[in-house]
């Protein structure tokens, strides 16, 4: 039952009956009544004064009288200026609750066989360093958006493009050749991605030394950066790789293999996955072919130095480099190739790129280029542009080794969750295995929720200590609320209480009614989160629901309530709050423990 639509239809009917004017339902503004006023839903009467030729208050009074007289689901009404506050009969709220209770997937749409396919790309790591805090935000957003779009009826395919070639990769490879002494992940007893990242930092350190030496010899900083032996060697290595040099290619395969094993371990810890992974080392070749096709068709042009460009001035953009003078490709080349391969692999209706806001211009240009090359969905691609994540200490820099490593952060969160929960006595009575599992769930839940509750378009400051708090707008608070409800429901089952349905004649109080209203809102929140690509809408809705339930739990008895109908009502409300919290948390990729 869509109670808001029902009320809107009733108001439209009242306007036609009272003033002989036909009004479409979508012009009737219905919103939740503010808590300081009596009522459940509010109709805005200001737009109808031209029809009624009366004041907003008089218009509201007449509509309200019509509704009470003609609609059996309306209990009463009151008017406050231009707002008509409408109270719905208790039996309707009970009917709504019973409907929610009977639907295990309330608020979710299952993709149909003919549903359109949405592809969502996220993660996009480079194979010269381990994943860090910025990657965590990217992965969590991408994975959650995929779940939310599935909940809105889309078929979804999750993809990852691994940037496994380029000058940055060669920097790590060259540093390992020069300074590694044959070190491997096994010999160093470290994850492969961490080992390769170590040599990326070493390259930068040694490169800076060479630059300073050249500056001391009289070169400008710009000249020193271009002529330092290390950068020239790295550029030579990249050319050898693109020309298929056997020795360089073998080293590239070996070091990338170390990184892939490390990435997979981190993804597993984080609880994210992909349906298909693409590699830039494959897609850049296809991209170069597409650029050559565009050149032959007059879409692009070649400069005198041999480089290939696209003139996008007609689309309000600048010229865009597609191939360097030496024939090597750029990121745009790779993205064009990846797009072609994906379009061949999947019948994509919408393509979503989860990439930080520093790449806004890049994706504006990519959309235009794909359209010019004939890809149907090019202009409609979605760049899900999110803000950067920083720490209280400031920005992170991979080449200087000042990033927050994803693995270290995950381990720290789990350990902090364990220590905090034990201090608060929330692990009492559990064995070591149970304690460790709950610590894992809570630690990851704290990390994920803290990141996902923030509007993704905004930059955010991540504070690990704040995120692990068991009070306030945090993952552990919501998880603990879920565990508390599950404990109540287990006790009810042990007492053989049957709470399958609620008697429609039971009287409900304000808090009970408000919780039912909140539960009913879930489907609208899921739909809006899908439209806006915003996990934050889900996160903050779940927090409001958990907070409201905790106040209810504090104020009213559940299992000790003497009236059976009232006890069943409160148990069914509790059961559906737990169900909705669990479903909502799942859309965020967060587990909801049964016990805490």
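Numbering (the working numbering), first residue to last: 54 to 649.
Even for Gly, the Cβ is constructed at its ideal location relative to N, Cα and C.
Checklist entry - Roughly how many whole angstroms lie between the Cα atoms of residue 443 and residue 543? => result 42 Å
Next on the checklist: Three Cβ pairs or more, each shorter than 8 Å: is that satisfied between the stretch 203-216 and the stretch 287-296?
Outcome noted: no
Next on the checklist: With a threshold of 8 Å (Cβ to nearest heavy atom), would residue 369 be considered close to the ligand SAM?
Outcome noted: Ligands are entirely absent from the displayed structure, and the ligand SAM is therefore not among its contents.
Checklist entry - residue 114: which of 126, 135 and 429 sits nearest, CA to CA? => result With respect to the C-alpha of residue 114, the residue from 126, 135 and 429 having the closest C-alpha is 135.
Checklist entry - Unbroken beta strand (DSSP E) runs of length 3 or more, entirely within the stretch 100-135: which are they? => result 127-133
Checklist entry - Are the beta-carbon atoms of residue 170 and residue 433 separated by less than 9 Å? => result no
Item to check | Complete alpha helix (DSSP H) runs within the stretch 60-89 (minimum length 4 residues, chain order) | outcome: none
Item to check | Buried versus exposed, by CB contacts within 10 Å (16 or more), residue 516 | outcome: exposed
Next on the checklist: Please report the straight-line C-alpha distance between residue 223 and residue 439, rounded to a whole angstrom.
Outcome noted: For residue 223 and residue 439, the distance between alpha carbons rounds to 29 Å.
Checklist entry - Is there contact between the stretch 491-505 and the stretch 574-583, where contact requires at least three CB pairs shorter than 8 Å? => result no
Checklist entry - What are the uninterrupted segments assigned as beta strand (DSSP E) that are 3 or more residues long and contained completely in the stretch 269-311, given in chain order? => result none
Item to check | In chain order, each beta strand (DSSP E) run of at least 3 residues that lies wholly inside the stretch 510-590 | outcome: none
Checklist entry - With burial defined as no fewer than 16 other Cβ atoms inside 10 Å of the residue's Cβ, what is the status of residue 466: buried or exposed? => result Counting Cβ neighbours within 10 Å, residue 466 comes out buried, since at least 16 surround it.
Checklist entry - Between the stretch 86-103 and the stretch 55-63, do at least 3 Cβ pairs fall closer than 8 Å? => result yes
Item to check | Neighbour-count burial assignment, residue 619, 16 or more Cβ in a 10 Å radius | outcome: buried
Checklist entry - Rounded to whole angstroms, how far is the Cβ of residue 315 from the Cβ of residue 424, which I believe are closer than 8 Å? => result That pair is no contact at about 37 Å.
Checklist entry - Could you check where the beta strand (DSSP E) with residue 187 kicks off and where it finishes? => result From DSSP, residue 187 is part of no beta strand (DSSP E) but of the alpha helix (DSSP H) over 186-204.
Next on the checklist: For residue 447, count the other beta carbons within 10 Å of its own beta carbon; 16 or more makes it buried, fewer makes it exposed. Which is it?
Outcome noted: Residue placement at residue 447 cannot be trusted, given a pLDDT of 48 that sits under 50; what the coordinates show is reported in the next sentence. Label assigned to residue 447: exposed.
Checklist entry - Does the count of Cβ pairs from the stretch 143-156 and the stretch 625-634 closer than 8 Å reach three? => result yes
Checklist entry - To the nearest angstrom, how far is it from the Cα of residue 142 to the Cα of residue 117? => result Rounded to the nearest angstrom, the two C-alpha atoms are 14 Å apart.
Next on the checklist: Suppose contacts are defined by Cβ-Cβ distances below 9 Å. Is residue 557 in contact with residue 144 by that definition?
Outcome noted: yes
Item to check | Cβ contact check for the stretch 254-268 and the stretch 187-194: 3 or more pairs under 8 Å | outcome: no
Item to check | CA nearest to the CA of residue 461, picked from 578, 380, 404 and 323 | outcome: Taking only the C-alpha atoms, the option nearest residue 461 is 323.
Checklist entry - Roughly how many whole angstroms lie between the Cα atoms of residue 441 and residue 388? => result 22 Å
Next on the checklist: My output table needs one value for residue 458: the three-state DSSP class, helix, strand or coil.
Outcome noted: strand
Checklist entry - Any idea if residue 271 is buried or exposed, counting beta-carbon neighbours within 10 angstroms, 16 or more meaning buried? => result exposed
Next on the checklist: Only counting the same chain, and skipping five residues up and downstream in sequence, which positions put a Cβ closer than 7 Å to that of residue 197?
Outcome noted: 505, 588, 640, 641 and 642
Next on the checklist: For the stretch 262-279 against the stretch 201-208, do three or more pairs of beta-carbon atoms, one drawn from each stretch, fall closer than 8 Å, so that the two count as touching?
Outcome noted: no
Next on the checklist: Measuring only the C-alpha atoms, how far is residue 239 from residue 435?
Outcome noted: If I take the Cα positions, the gap works out to 42 Å.
Checklist entry - Secondary structure at residue 648, three-state DSSP: helix, strand or coil? => result coil
Checklist entry - If you compare alpha carbons, which of 66, 414 and 463 is closest to residue 318? => result 463
Item to check | Euclidean distance between Cα positions of residue 549 and residue 529 | outcome: 30 Å
Item to check | Length of the line joining the Cα atoms of residue 280 and residue 258 | outcome: Looking at the two C-alpha atoms, the distance is approximately 16 Å.
Next on the checklist: Taking a contact to mean a Cβ-Cβ separation below 9 Å, would you say residue 42 touches residue 337 in this structure?
Outcome noted: Lying before the first or after the last residue shown, residue 42 is absent from the chain, which here runs from 54 to 649.
Checklist entry - residue 8 and residue 221 look like a contact to me (Cβ under 8 Å); what is the Cβ gap, rounded to whole Å? => result Any property of residue 8 remains undetermined from this structure, which presents the chain solely from 54 to 649.
Item to check | Contacting residues, own chain, Cβ-Cβ under 7 Å from residue 421 (five flanking each side not counted) | outcome: Excluding residues within five positions, the ones whose Cβ falls inside 7 Å are 365, 368 and 370.
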